[in-house]
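As structure tokens, the structure follows; a few thoughts come after it.
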Amino acid sequence: MKVLNVIGTRPQYIKLFPVCRELAGNGYENVIVDTGQHYDETLSQVFLEELDIPSVDYDLDVRSGSHGEQTGRMLAEIEDIVEEEDPDAVIVYGDTNSTLAAAIATAKLPPRLTHVESGTRSYNRSMPEELNRVMTDHVSDVLYAPTERAVENLAHEGLTDGVVLTGDVMYDAILWAREYVATSEDRGVLDDLPIEPGEFVLATVHRPRNTDDGQRLQAILSVLDEHPLPVVFPAHPRVRNRIAELDLDAELGADFHLIDPVGYLDFVRLLDGAERVATDSGGAQKEAFMLETPCVTLREETEWDETVECGWNRLVGADPDLIREALGENGNRPPRPDPFGDGRAAERIVGALDDGS
Ligand code: UD1
Ligand code: UDP
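Positions in the sequence shown are counted from 1; adding 1 to them yields my numbering.
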């Protein structure tokens, strides 16, 4: 059986690699299309190398642009490739413009369209990702849901055919990475920074809502900078550019470490070692939870409510008082539930391909 995967951004390399391992172990012919939505070495190449992803068959090199332009360019090219390769199934991942482009291109062609991380919802339609998720789910043949909540969300939209509860591939990924970093002598980025385990805050910001609005960005950075512990801030280019434009780095103290984006293994080292995580990333919220590091989410809502309801994640938006209070909160947390499955999501995804779903 032949499978074609479409990816293109940092989180998609991470979601892809457990699935690739499983496809390879089961004798599938595996084609990889990289849209090139992310093209900086630190957002793309680094993951291909460290996660041992098989070589990319098609690199579309689409790069940045407006939503319509970027999605449209990808769509036209993916359509040609799907027609040419004629796979049995196409797998799309998550909620980016690369996901949507591949979904629209495939939906009108013969291969089965299968969506990994289906059914997650923030219920905030001003987020491009929410529109990408909803549209992708509604044209997909197979909906691989990471959680029970995702299955319920799909049912509310009338989507019950083709739904497979798999668990979350990011849990598969992080179980492997946690083991890898725990057994490696290499301390990676931890040796490059003046920080001690359990005594720093890891922060990331990249959502348009927090970067395009300069006041929100300034409020977030200055409250993080006040924190008594050092702050490590691996900066996505969107926020790095904005910080430079607004000259906000001039205001940051010596304990605020504004660094380039790091690879996945280094990010896991930082997540695992942090006293707390502050982020607007979808993936980092989940990963903090999976590694039992409390998280403060710099958004008003999340598609990962399971992490909030059990007390391990707090939604604070960009309100300085709420951020400060949540960063300082030290109450006892209940034992962490396991909404993301058992680390065998990729096995279920490939098993369902075998079954013809
Ligand atoms: C995209 C996804 C978002 C995901 C994020 C993961 C969409 C709509 N958004 O957001 O869901 O959370 O990836 O990181 O698909 N840039 C570079 N180098 C790069 C890539 C981007 O400098 O390699 C800069 C460009 O100025 C670009 C901006 O970052 O305009 C935004 O890039 P884009 O891919 O449009 O969106 P992300 O913010 O990365
Ligand atoms: N990540 C990384 N290096 C970084 C920041 C994030 O490897 O410097 C990883 C992180 O482990 C997670 C993914 O990138 O798996 C999240 O990507 P991002 O926050 O860009 O996107 P989102 O999850 O919000 O779509």
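Even for Gly, the Cβ is constructed at its ideal location relative to N, Cα and C. Since the model is a prediction, treat every value here as computed from it, not as a measurement.
Secondary structure of residue i, DSSP reduced to three states
i, result
"residue 234", "strand"
"residue 1", "This structure leaves residue 1 out entirely; the chain is present only between 2 and 358."
"residue 98", "helix"
"residue 333", "coil"
"residue 308", "helix"
"residue 210", "helix"
"residue 114", "strand"
"residue 194", "coil"
"residue 145", "strand"
"residue 324", "helix"
"residue 271", "helix"
"residue 205", "strand"
Span of the alpha helix (DSSP H), counted from its first residue to its last, around residue i
i, result
"residue 351", "346 to 355"
"residue 17", "11 to 26"
"residue 135", "129 to 140"
"residue 150", "149 to 157"
"residue 220", "215 to 226"
"residue 83", "68 to 86"
"residue 249", "Note, residue 249: premise wrong, no alpha helix (DSSP H); not H, not E."
"residue 170", "170 to 184"
"residue 49", "46 to 51"
"residue 288", "283 to 291"
Distance, residue j Cα to residue i Cα
i, j, result
"residue 136", "residue 154", "14 Å"
"residue 215", "residue 224", "14 Å"
"residue 264", "residue 107", "31 Å"
"residue 61", "residue 227", "43 Å"
"residue 176", "residue 344", "7 Å"
"residue 324", "residue 309", "15 Å"
"residue 162", "residue 247", "49 Å"
"residue 229", "residue 258", "13 Å"
Nearest neighbour of residue i, chosen from the options [CA to CA]
i, options, result
"residue 172", "349, 355, 342", "342"
"residue 354", "14, 31, 9", "31"
"residue 317", "336, 296, 334", "296"
"residue 272", "23, 163, 232", "232"
"residue 340", "323, 219, 166, 90", "166"
"residue 190", "261, 42, 134", "261"
"residue 208", "238, 180, 186, 198", "238"
"residue 96", "276, 193, 284", "284"
First and last residue of the uninterrupted beta strand (DSSP E) at residue i
i, result
"residue 277", "277 to 280"
Within-9 Å CB hit, residue i to chain B
i, result
"residue 37", "The structure shown contains no chain B, having only a single protein chain."
Strand pairing of residue i, partner residues [DSSP]
i, result
"residue 33", "6"
"residue 315", "297"
"residue 106", "Its beta-bridge partners do not exist; DSSP assigns none."
"residue 60", "35"
"residue 240", "Note: residue 240 sits in no beta bridge, so no partner."
"residue 166", "146"
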